[in-house]
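A quick write-up on the structure given underneath.
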Amino acid sequence: MSIIDDTRLRPAEPSRAVVFWNRYRRNRAALLGLVLFAVVVLMALTAGLVDPGDPLRRAGAPLTAPFVDMATPLGTDQLGRDILSGLFYGARISLLVGVVATLVAIAIGVVIGALAGYFGGWVDDVLMRITEAFQTIPNFVLLLTLVAILGSKIEWITLAIGIVSWTAPARMVRAEFMSLRNREFVDAARNLGVSNTSLIFREILPNALPPIIVYASVIMALSILLESALAFLGLGDPNYASWGNMIGQGRAVLRTAWYCAAIPGIAIVLTVLSFSLLGEGLNDALNPRQKQ
Amino acid sequence: QDVKTGGTAIVHMISEQRTLNPALRASTGVYNISGKIVEPLIDKSYDGYEPVLATEWSSSEDGLAITVKLREGVRWHDGEDFTCDDVSFTAMEMWKPLLNYSSALQANLESVDCPDPHTAVFNYSKPMPIDLFVAAMPDLGHPMPKHLYEGTDILKSEYNTAPVGTGPFKFVEYERGQYVMAVKNEDYWREGYPYLDRIVWRFIKDKSAAAAALEAGEVHESGFIGVSMADVERLSNDDRFDVGTTGYENNVAHSTVEFNHRNPIMADLKVRQAMYHGLDIDYAIDTIMRGFAKPGRGPVPSAGGENYTDDVKTYDYDPELAKSMLDEAGYPVKDDGFRFKLRHRPAPWGEYTQLWAEYFAQAMKEIDIDVEILTNDAPGFLNGVYRDHDFDTANGWHQFRSDPAVSTMVWLRSGQPNGTPWTNQFGWKSEEMDQMIDDAASELDPETRAEMYHQIQRKAMEELPVIFAIEHPFISVTSKKLMNHHNTPRWNSSSWYDLWLDQ
Amino acid sequence: MPIPPLLTYALRRLVQAVPVIVLIMVGTFLLLKLAPGDTVDALVGDMGGADAQFIERLRIEYGLDQPVWVQLWRYMSKLATFDFGWSFVYEQPVATVLMDRLGTTLLLMATSLSIAFTVGVALGAIAARRAYSLTDNVISTLGLVFYATPSFFLSLMMMLLFSVKLGWLPVGGIKTIAGFYTGWDHVWDVALHLIMPTAALSLIYLSFYLRLMRSSVLQVADLDFVRTARAKGAGETRLMFHHIMRNALLPVVTLFGLQFSTVLGGSVVVETIFTLPGLGQLAYQSVIQRDMNTLMGIIFLCSIIVVVVNFLTDLLYARLDSRIELS
Amino acid sequence: MSQDRQDTAPILEIRDLKIALPEGSDRPFALDGLSLRVNPGEIVCMVGESGSGKSLSAGAVMRLLPEPHVYVADGSIHFEGDDLLAKSEAEMRGIRGNRISMIFQEPMTALNPQKTVGWQIDEVLKLHMPAKRAERRKHALDMLARVQIPDPESAYNAYPHQISGGQRQRVMIAMALALSPRLMIADEPTTALDVTTQLQILKLIRELQREDGAGILFITHDFGVVAEIADHVVVLRHGEVVEQGPAAQVLNDPRHPYTQALIASVPDLAPPAPKPLSDSPVVLKGTGLKKTFAARGGLLTGKRKAVTAVKDLSFALRRGETLGVVGESGSGKTTVSRLVTRLLEADSGAVELDGADLLACTPAQMRAMRKNIQMVFQDPMASLNPRKRVVDLIAQGPIVHGANPAEARENARELLELVELSPAAANRFPHEFSGGQRQRIGIARALALEPKVIVADEPVSALDVSVQAQVLKLLADLRDRMNLSLLFVTHDLRVAAQLCDSVIVMQKGEIVESGTAAEVFTNPQHPYTQTLMSSIPGRDWTPPVRNTDAA
Ligand SMILES: Nc1ncnc2c1ncn2[C@@H]1O[C@H](COP(=O)(O)OP(=O)(O)OP(=O)(O)O)[C@@H](O)[C@H]1O
Ligand SMILES: Nc1ncnc2c1ncn2[C@@H]1O[C@H](COP(=O)(O)OP(=O)(O)OP(=O)(O)O)[C@@H](O)[C@H]1O
Ligand SMILES: [Mg+2]
Ligand SMILES: [Mg+2]
């Protein structure tokens, strides 16, 4: 053994998950985000277990204030529906809308962005023109149009939100792909005879994911806000208790029964906040740039 | 109290009225503005029909000719004289071919003769009941100045959005999306009127914002339930405002539940009756309408005068009964906990319609019927229900227009072409009912006519082609600074010549 | 005479924008045709009903009885001559309808975006400067909270507080109706009316700029040339203003261009609540009314605005980034 | 001489400096007990492998450590007798750039891209020199002239991106010397530059320092540079000083085994005896290759000028031969390697592999052909997919070409042993290895397909010298054992000299000279080749006889 020896391995590092977690928990705000997020998830999961069943059922006298009747601890709305129950079921809808719309947006964005960024040239030109077109139409107006076409079913609303949100991830994926496709490991794989599809999805995509995952939290937050704005305009799906619907209807009684709108409003603020904080935490953990 | 003259009254309007020509568009929204600028031949007061531009009217024996005497010395806002030519032109060029609803009413109008400048003779090919004619005139009888329209494309005339009339106020400007303004007509034929200097209609789409504007004193009146029901109730306890339904006697609406009778389940009378028993109408009136309503009793509302009767079959809230009726009808509860599933389309107008739909779904769930609400915007709704018939149940509100013949009967009469909104597109057809409606429409004797409508009303309550669940007038919130307000049964559509502002 | 490079550049951008705009127009047209119902349905709905012949006649009048592609062709060939057509809902030429609203919307967007931009950038820079301190935490948290608050919620709360409770600000509208102000009084009046809507819009977008600027500053502060400047003996303030800011602004400027159209969408809700006669609300109404021509006009106008704004941000970018030369 | 050094008053004196690293780092102290002094007019070179703490010691002197995570835990730093560690931040600002100045490695990024060169020089003057604007401008122009920038006036108004890398580094130097500092710290100031430019810069630093009599703390990892410039050498390893002394002594008679090993790793310039290859078959042959990067410009930049990266290039590579491609940055070396492997499409020309024209293959045929021609890349980190385990990285090629995955993985483990890595490495991810180890994995991956030709683009230029030697040795061993042909691209002439049988020298996309390594190195014909050869830093220094076994 000589003094300089580069064949001896370093001791094995802790697994990625552990490293990730260690980085993540350094950010205290992100931890708060995680806790809030966990609460929302828990609410979504336990809706129906903890609380009286159907959130659309008449549960008590209309417009009972919070903490007055213990059967409806957070009060009831105009039709006597239990707000607490709506809050729990609403968590389910908000998460569902957030997650599914995000998946849709990311899926479209990844495909378009990956093809444009990987192939460049005219493929890029065509796809980017389409992306620009989508970006130029105000997204909320497009959303309204889609909802006008598809109707206000929660499935369609979610899909529509996904459709209006894909441009940003597409641009991002494209940028990532454009920088990654010139990286040597891509050349290395190509030089091994790997096909384009595998190059795109097996070699490049996994490396492009971290910023996309971070951005997913932004889309998720925006999706929830979009859904609530739709509901505010009366275009929500009334078959489900969603926070947006609750605010949309609650605001009619804002002056007399503030809690109908304020409680779900705060729930939205906290949930969106949790996504944002989560996103920042993920960003710190996945793309460590600056050392604190 | 002494009348004060001058001042500007500011009125809230929920939605913008793009055209202001009441001879092209019959809708309360249009009248709300145009009523002050353009006058009808006849208006309605609490004492009955009141001459405006017409001074007297009479019918020939056979009902084929109606003669109307016109007021003399009336001038259009541009200074031209108002004459029979204007009436004749408007009736033939606008009321008959272009005016919604009026086309059906005037379908048999052959010509309008002008024996002298202030006499108009309406010639019909089939008898026209004078009562019906008169009842229709406040809404469907606005003459427009011939000299401004003749020889132009009437639908694209600039005067459609800048109307020239004979009314107490003259149109000034229309700022899209913001307001319409009209000023005092110094040359008004009613001497000494109007009191106000100016009226401004402000468009505020958002109901909460409208309530805020009322409270901030930026708006004096909001009609047609322009604020949320909660705010109506709240402001009714605020002594700065008069809140009430007076002045809407001629503008009463029903909140309804409509069935698609093409669906065999809905076609089953027992099911419809059971569903009616499942609806707690009183609860809905209390919570949704805040008490400003009463239970419906069929197609003619209590505001329908002699044509109305309350001697009809009624359906009390009794969910247990409803359930057993459904069981009997052969729709027991299945494994999924429901008897059957309904796709329900709510009309997208207004907060309480939405709530009514949600209450309907809620109530149906109590009797084990699953209701899926399909929300759409207006064209989507109208298409879904009235053209594609893609629904099981629907709800909305329908306005009664002072006479059953020109309003509610279309919901029961079969035979309208597909896609005509607010007609019987429900797949319900009863030869008997059709006959009864036709007979009533051409019956000239008022008493017999009323009796015929009672029959129709009773039959409708038995067979329930549509549930006329709640009858509600509209509600106004009015600042107490306004005087002489809501003093006619269609006040928001009237000319407001005697309105004044106490300040 | 040689054409100035800026002009050629502008021309090239214009030519590039044409296919995008055509794509948008055709896409929107077809999309809207997919929606159930048409203008006539909406109009009749608005009127409170009409009889069958009347409806039939309107359809023919508006050309809605033609096959879709005929309608599309008619529309596009008119558009090519900058004829936006007639709005059946407003019974006015679309161009008039749009021009009525454009001013308000541009005013609203311009003020809220510039406030959002300047305040966001300033706060972002301050937060980054004191990264991980209390100041940073307060600024960042506030930014996130505003970002997380639905705009309608914020608007309603503001209206409740400032108009109803305190009576300081008018509830809505763009000016005092029947106020008949002129000159500076008019300007002041409009400004008063715009305070709340502007605040509601800008607070939301502010947080975007704030967060981006913060991370951008942190990133730039780590770059070598900042270290060089430090080694020259430059103080923190000098570093921030002369070295970091300008470089950190670049991504923020890009976002500014990208976000412009989003703001128009975002203003739908705010305009509705504050009754501002702007394009956002008009767009929403046009969708609901199936007012094809008006909606298409808005989208067209909006595309033009976005193209212009992107062009301007590119110029700004080029001005800020000496590495880019327009040719 | 060592006596003299102690007598003069030092400009900089560091004693027992300890710099603490944040918790969780690989070692608690980045620097542990560094002592050194810099006398006036003296260049002290600090050498050591990557991560040994060189940059942090410079940071400590400037008081620009990334506190509070990294801080001076112990020791003292005296500058002209003053205790720097006791100075306030304001006092330090007065010293930085004025009495102590600094040059950094990357001239690309060390200048603010948004400010003109003149502004940036002016900034340092403005901060420390009470003078009028015109006066400062004149001074700045003088400085630019002093660092031999051709047209100082236009350089003054230029943005950094408008001048070349070498000129940028001159600007940095001008900035550093503008106020005649007592001490200048240069952190690898020439590493990013071409050999020819490097030599010019080194000479410039030397001259200017002679004129001003400043002390220089010069950080480098290249013993060639040390030999070129140093008066005194400090050798660092893992934050500890292993040896220091006068340059001549450390270079020619290193005492510490580590220093000895380091010096032994420096390739010497004598090429090996030519192998008898003329009768082996040609495996790879390029004819008339041409590549022009036609410029599809960005939206904003418009059309860029077309760059001809390679024009009319022909070569032949025989079995068992190593063909070196040398030339300075931008001469087209990488382009050649990518054309040959068809990672770039050539504009014209042919590449024959065992007689088959690669450039004429269909994509599918090409994928099959790739088996025969493999690559080793420059950046050992960037060329390994960070999301894949080593075993999968190595087995990927065979699996793509139809091998049984389980067998391919088994093979991969064996290959790891071949490149002298423990099979335990198989299940790790690339980031868990050092640079040299990663390059070994890269070699194993190339070998997994049992190719006929390996194309290596600067395979060792990202590695420390010591490791470089080992990787080169491995490569040479494998080549000989498996009778591989190697197309070896490098800008480092020392490396080329050590490994290559024949060499082609490129300039601006063209071959200016080719021949056996021995011919080209001992008797360069073309003037360009001659300049290249004479620019090799420390070319007059021959590392002492290897008395340690470096491997
Ligand atoms: N900001 C920091 N935070 C934590 N660790 C650091 C920081 N900067 C440097 N280090 C660690 O300190 C050690 C010495 O770093 P330094 O930059 O001085 O090395 P170097 O000798 O200059 O290496 P190179 O030749 O690669 O530039 C390394 O192990 C590095 O990981
Ligand atoms: N993708 C590309 N697009 C445009 N120009 C390019 C591209 N790749 C290389 N060039 C240009 O081609 C020329 C040759 O580049 P190449 O990378 O082959 O040089 P090199 O000899 O490998 O340099 P280095 O030693 O810096 O790696 C350079 O002028 C470079 O700017
Ligand atoms: Mg270093
Ligand atoms: Mg290269």
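Protein chains in written order, with the working numbering: chain A, 1 to 292; chain B, 293 to 795; chain C, 796 to 1122; chain D, 1123 to 1673. Every residue, glycine too, gets a C-beta built ideally from N, C-alpha and C.
| Asked | Found |
| --- | --- |
| Which of helix, strand or coil DSSP assigns to M581 (chain B) | coil |
| Closer than 7 angstroms at the beta carbon, the chain B residues around T256 (chain A) | A522 and R526 |
| For N687 (chain B), three-class secondary structure by DSSP | strand |
| Three-pair Cβ contact test at 8 angstroms for the region 238-254 of chain A versus the region 905-925 of chain C | no |
| Limits of the unbroken beta strand (DSSP E) element including Q1629 (chain D) | S1624 to Q1629 |
| Check whether I1565 (chain D) and V1512 (chain D) have beta carbons under 7 angstroms apart | no |
| Through-space distance from S882 (chain C) to N1088 (chain C), alpha-carbon basis | 6 angstroms |
| Alpha carbon of F1020 (chain C) to alpha carbon of L74 (chain A), nearest angstrom | 57 angstroms |
| D489 (chain B) beta carbon less than 7 angstroms from that of G298 (chain B) | yes |
| Candidates A:W21, A:A12 and A:I263, of which the one nearest F948 (chain C) by Cα | A:I263 |
| Any non-hydrogen atom of ligand 5 closer than 6 angstroms to T1456 (chain D) Cβ | This structure simply doesn't include ligand 5; it includes ligand 1, ligand 2, ligand 3 and ligand 4 instead. |
| P343 (chain B) - containing alpha helix (DSSP H), residue span | First-last for P343 (chain B): G340 to P343, but that is the beta strand (DSSP E), not the alpha helix (DSSP H). |
| Y259 (chain A) to M1184 (chain D) span [Cα, whole Å] | 60 angstroms |
| L293 (chain A) to A105 (chain A) span [Cα, whole Å] | Residue 293 (chain A) lies beyond the residue range present for chain A, which begins at 1 and ends at 292; the question has no answer from this structure. |
| Proximity test, K1433 (chain D) beta-carbon vs ligand 3 heavy atom, cut-off 6 angstroms | no |
| Where M1497 (chain D) sits in the DSSP three-state scheme | strand |
| Selected residue, minimal CA-CA separation from A621 (chain B), among B:D680, B:L674 and B:A559 | B:A559 |
| Neighbourhood of I200 (chain A) by C-beta, 7 angstroms cutoff - its chain only, sequence neighbours within 5 removed | A114 and Y118 |
| Neighbourhood of T823 (chain C) by C-beta distance below 8 angstroms, restricted to the same chain and skipping five residues each side | L1090, M1091 and I1094 |
| D6 (chain A): contacting residues in chain D (beta-carbon distance under 7 angstroms) | S1556, G1558, Q1559, V1589 and Q1592 |
| Assumed close pair Y568 (chain B), I759 (chain B) - CB separation to whole angstroms, cut-off 8 angstroms | 6 angstroms |
| Nearest candidate by alpha-carbon position, reference L222 (chain A), set A:I108, A:G151, A:G279 and A:A148 | A:G279 |
| Amino acids of chain C, ordered along the chain, whose beta-carbon sits closer than 7 angstroms to that of W387 (chain B) | Those do not exist, as W387 (chain B) stays about 11 angstroms from chain C at its closest Cβ, beyond 7 angstroms. |
| DSSP state of A503 (chain B) mapped onto helix, strand, coil | helix |
| Closer than 9 angstroms at the beta carbon, the chain A residues around I665 (chain B) | S152, D237, P238 and N239 |
| I907 (chain C) (DSSP reduced to helix, strand or coil) | Checking the displayed sequence, the identity of residue 907 (chain C) turns out to be Ser instead of Ile. In this structure, S907 (chain C) counts as helix in the three-state DSSP scheme. |
| Heavy atom of ligand 3 within 6 angstroms of S1177 (chain D) beta-carbon | yes |
| Cα-Cα separation, L286 (chain A) to V214 (chain A) | 8 angstroms |
| Proximal residues to M384 (chain B) (C-beta, below 8 angstroms), its chain only, five neighbours per side dropped | L401, S403 and V404 |
| Within chain C, partners of F37 (chain A) - CB distance below 9 angstroms | Residues of chain C passing the Cβ test: none, with the nearest at roughly 13 angstroms. |
| Residue from A:V19, A:Y89 and A:R190 with nearest C-alpha to L49 (chain A) | A:Y89 |
| Y393 (chain B) in three-state terms, based on DSSP | coil |
| Proximal residues to D682 (chain B) (C-beta, below 7 angstroms), its chain only, five neighbours per side dropped | G676 |
| Whole-angstrom C-beta distance between A12 (chain A) and R1550 (chain D), which should lie under 8 angstroms | 7 angstroms |
| CB contact below 7 angstroms: V1103 (chain C) versus chain A | no |
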